[in-house]
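Beneath this line is the structure, given in structure tokens, with notes to follow.
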Amino acid sequence: MTLTIFGVSKNAIVAIGLLYLLIICENTQGAEYVVGGKIGWDLDPSVFHWPEGKRFKAGDVLIFNYSNPLFKVEQVTKTQFDNCYSDYNPIKTYDSGHDKVKVEKGTTYFICAVPDYCGYGMRIVINAT
Numbered sequence: 001m002t003l004t005i006f007g008v009s010k011n012a013i014v015a016i017g018l019l020y021l022l023i024i025c026e027n028t029q030g031a032e033y034v035v036g037g038k039i040g041w042d043l044d045p046s047v048f049h050w051p052e053g054k055r056f057k058a059g060d061v062l063i064f065n066y067s068n069p070l071f072k073v074e075q076v077t078k079t080q081f082d083n084c085y086s087d088y089n090p091i092k093t094y095d096s097g098h099d100k101v102k103v104e105k106g107t108t109y110f111i112c113a114v115p116d117y118c119g120y121g122m123r124i125v126i127n128a129t
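Last residue of the sequence shown: 129 in the UniProt record's numbering, with the numbers rising by one and none dropped.
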């Protein structure tokens, strides 16, 4: 005799439950993106355009790779982004050379800590759903 609930077998209920758990776990695992691709976080015009065409989701991880200690990454406000200057008061500073930043829903702004470099394109905007 097979146990059924509302005409559905116990095995089917267990399978549906496991499938549901897999879907939940998959959604919590974000994709990883190396900012700037092979170039990394560097003084290159392509860095500014790097996010274009990518669909970021909350939970994705941005990896900022750089070897120059001056290239530290600052998460800033829109005004600071537009001005390319954090007023030494960024939301957060990353300076490991291999920074991993978890993306949050909404718009997030990043600039290079060197003001002139930001002006030359070393800054990105991330829009995440």
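Where a beta carbon is used, it is the ideal one built from N, C-alpha and C, also for glycine.
- In the three-state scheme derived from DSSP, where H, G and I count as helix and E and B as strand, Asn89 is classed as coil.
- Judged by their CB atoms, Val76 and Tyr109 are nearer to each other than the 8 Å cut-off.
- When DSSP states are grouped into helix, strand and coil, Cys84 belongs to the coil group.
- The Cβ-Cβ distance between Pro51 and Gly121 does not fall below 8 Å.
- If you draw a straight line from the Cα of Lys102 to the Cα of Pro115, it comes to about 24 Å.
- Within the DSSP bridge table, the entry for Ile63 names Val34, Lys100 as partners.
- As DSSP reads the structure, Ile124 sits in a beta bridge with Phe110.
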